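What the sequence shown shows, in the working numbering, is residues 92 to 353, in sequence order. Cβ atoms here follow ideal geometry from the backbone N, Cα and C, with glycine treated the same way. A quick note: this is a predicted structure, and the numbers were derived from the prediction, not measured.
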Amino acid sequence: MLFRSKRFSRGAEDEVVIDISEEFGVRKLHFGNDDTQSAMRINNPTELVLAYSRCVFGFLLFVEPPRDALLIGLGGGSIAKWVNDKLPQARLTCVELHQQVVNVARSMFALPGDSDRLEVIVGDGAAHVYAMPDACTDLIVMDAYSATGIASPLATPEFFMACRDKLADNGVLAINLWGSDKKFSEYCNRLSDVFDGKLLCLPARQKGNVIAFGFKRAQGEPRWDQLTDRARDLEVAYGLEFPEFVADLARMNPHNDRKLFI
């Protein structure tokens, strides 16, 4: 199936082509020839099929579930559906640039309609963040990657600083990155500068995704045994592989055999 949407702005570069594929009970969303952007198990629409989308929630190892959250980049709505289903205390706002992406998420990927806990806005993610009041949200997730990388306005030091300023005292910014991106180190350095070194990278065990977490507050150099205990509890509560997340944090972040430096 092929869906086509066009923004009425500067030209052909703004055209969005959405492909939908389906195999073995899994429906996938692709932006043109890009890799899979979202995936949904048809008989379990809220399952996080793609490993990177599960890694996004690695922040729960360090902070309590959010009460107010922002998602930039909707895709098929996997992250939005999981928050809506598994984090009942959270109110989530999603900002998606293209109306057609929202239409497909709702018609083909079981994204529920707006409610008092879920709002989908068609608009520019960077502009939305700049317009927010300071210290107003517990979590910002940025899942706006494409074949050409992150859109420039969503990767500047100024934008990262705006995200930091909009986070509440113990808030977290989570960004989906590609480890093979030639700008990966540059993005991480910018984030580390903005968050005064309070940055963790969690590599997904599928493809080359890396989730970068910027923390508003220092996390007190948690001990591995503490993280392991919390991971077991979270795995029971949410059904995600939190013990693997703990093990994988040692691959990309400063640590010793007793604790993680963050």
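Ranked by how close their Cα comes to the Cα of Ile302, the residues Tyr236, Lys350, Pro244 and Pro334 have Tyr236 in first place.
In the three-state DSSP reduction, Asn347 falls in the coil class, being neither helix nor strand. For Asp348, the closest C-alpha among the options Trp269, Ala242, Pro313 and Ala309 is that of Pro313.
Of the candidates Val220, Ser129, Thr228 and Leu162, the residue whose Cα lies closest to the Cα of Pro244 is Val220. Distance from the CA atom of Phe200 to the CA atom of Gln190, rounded to whole angstroms, is 15 Å. In chain order, Ile231, Cys254 and Gly305 place their CB closer than 6 Å to the CB of Leu264, counting only its own chain and leaving out the 5 sequence neighbours on each side. The residues Gln310, in chain order, have a CB closer than 6 Å to that of Phe153 in the same chain once the five nearest residues on each side in sequence are set aside. The secondary-structure analysis by DSSP pairs Ala160 across a beta bridge with Leu183 and Leu230. Judged by their CB atoms, Ile109 and Val192 are nearer to each other than the 8 Å cut-off.
When beta bridges are read from the DSSP output, Met131 appears opposite Arg118. Under DSSP, Ala295 forms no beta bridge with any residue. Excluding the 5 residues flanking it on each side, Asp284 has same chain C-beta neighbours closer than 8 Å at Pro248, in chain order. For Gly240, the pairing in a beta bridge is given by DSSP as Ser237. Comparing C-alpha distances from Trp173 to each of Val147, Glu335, Ala338 and Gly270 shows the shortest one belongs to Val147.
Along the length of the stretch 313-341, whole alpha helix (DSSP H) runs at least 4 residues long occupy 315-329 and 333-340, reported in chain order. Rounded to whole angstroms, the Cβ separation of Asp256 and Asp225 is 5 Å, and the two are in contact under 8 Å. Under DSSP, Glu210 takes part in a beta bridge, and its partners are Thr184. In this structure the stretch 194-213 lies against the stretch 158-177, because at least three pairs of beta carbons, one per stretch, are closer than 8 Å.
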